[in-house]
Amino acid sequence: MTPHPPDDPAAGMHPALPFLLVRHPPVQVAPGTCYGRLDLPPRPGWEARADGLAVLARGAGLRVLYTAPAARCHLPARRVAERAGLALHVDPRLAELDFGAWEGLAWARIDRAALDAWAADPEGFAPPGGESGHALRRRVGAFWTDMLQAGRPAGVMTHGGPLRLLDGLAAGRTPRLLDPPPPQGAARLFSVVPAEYGPGTEHGGRRLSA
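In my numbering, the protein residues as written are 6 to 215.
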């Protein structure tokens, strides 16, 4: 997508809307652990991060906050929504990738050949009993389209896997499953023209601290 120039009449008809993409705060887990659907709690101190996000959400004029179901997303999202006066919606499509039998294992204990197979085919590979990258892309893409069609300034609190895709969609580029995720607790504010459903357009999007 190409940003509308200031003198483009379509820009006035379809004003850009703010979208805030947030990765959940840091979690309480042993370093090097594989986790996706494990419902891990956020580390102590997450409340201050949430309060900072509430200030940012108010300043950006957000109206709704979408969150993944896991506690590390839902707890801070609920606090942000309460303090910023936002409607809160839990959407299971924002859940992290399901790692199946790998959940809770140390990455070092996972078969190296399986990890290489995943890196070679991130779209088609799925951990035993888990979810493929294609399935993640499909559900996150459906969420993105629905959010744009709703046409409301919105925030999203989710995980590294979905954010790899949402960040690309909001920035107007093809998202890649193996892109590096934003750090835990990071937030990025975009301005997107919602009339053009599909990949988003970034109008001066900038990375912000949470």
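Virtual Cβ for every residue (Gly too), placed ideally from N, Cα, C.
The structure presented is a predicted model; accordingly, all values stated were derived computationally and were not measured.
Where residue i falls, given that 16 or more other Cβ within 10 Å makes a residue buried
i: Arg193; result: buried
i: Val197; result: buried
i: Pro11; result: Caution is warranted here: a pLDDT of 36 is assigned to Pro11, below 50, making its placement in the model unreliable, and the coordinate value is therefore given only provisionally. Pro11 is exposed by the Cβ-count criterion.
i: Arg143; result: exposed
i: Gly177; result: buried
i: Arg28; result: buried
i: Pro20; result: exposed
i: Gly166; result: buried
i: Trp51; result: buried
i: Gly190; result: buried
i: Gly179; result: The sequence as given places Thr at residue 179; Gly does not occur at that position. With fewer than 16 Cβ atoms within 10 Å of its Cβ, Thr179 is classed as exposed.
i: Pro49; result: exposed
Cβ-based neighbour list, residue i, same chain, cut-off 7 Å, excluding 5 preceding and 5 following
i: Val69; result: Leu91, Ala92, His94, Arg157 and Ala159
i: Ile115; result: Cys39 and Trp107
i: Arg97; result: For the sequence presented, residue 97 should be read as Pro rather than Arg. The answer, listed in chain order, is Pro74.
i: Arg88; result: Asp56 and Ala59
i: Leu43; result: Glu108 and Gly109
i: Phe148; result: Asp96, Arg98 and Leu99
i: Val145; result: Arg98, Pro167, Leu170 and Leu171
i: Arg83; result: Leu93
Paired residues, beta bridge with residue i - DSSP
i: His94; result: Tyr71
i: Gly160; result: Leu25 and Leu70
i: Val197; result: Leu22
Own chain, CB closer than 8 Å to residue i, minus 5 neighbours either side, in chain order
i: Gly210; result: Residue placement at Gly210 is poorly supported in this model, since its pLDDT is 40, which falls under 50; the coordinates still yield a value, given next. Around Gly210: Ala175, Ala176, Arg193, Leu194, Phe195 and Ser196.
i: Glu128; result: Ser137, Gly138, His139, Arg142 and Leu182
i: Pro46; result: Val32, Gln33, Ala76, Arg77 and Leu80
i: Phe24; result: Met152, Pro158, Ala159, Gly160, Val161, Ala175, Leu194, Phe195, Ser196, Val197 and Gly205
i: Asp13; result: Confidence in Asp13 is poor, its pLDDT being 40 and thus under 50, which makes the residue's placement unreliable; the coordinate value appears in the next sentence. Closer than 8 Å at Cβ, skipping near neighbours: no residue.
Distance CB(residue i)-CB(residue j) smaller than 8 Å
i: Leu99; j: Thr150; result: no
i: Gln36; j: Arg54; result: Just to set this straight, residue 36 is Pro in the shown sequence, not Gln. Cβ distance not < 8 Å, so Pro36 and Arg54 don't count as in contact.
i: Pro187; j: Asp172; result: yes
i: Leu168; j: Leu26; result: yes
i: Phe130; j: Ala118; result: no
6 Å CB neighbourhood of residue i in its chain, flanking five on each side removed
i: Glu101; result: Gly41, His164 and Gly166
i: Asp103; result: Gly41, Arg42, Gly135 and Glu136
i: Arg63; result: Ala89
Runs of beta strand (DSSP E) lying entirely within the region 7–83, each at least 3 residues, in chain order | DSSP runs (the beta strand (DSSP E)) wholly in the region 7–83: 22–28 and 69–72.
What are the complete alpha helix (DSSP H) segments, minimum 4 residues, inside the region 101–154?
-> Fully enclosed alpha helix (DSSP H) runs of 4 or longer: 117–125.
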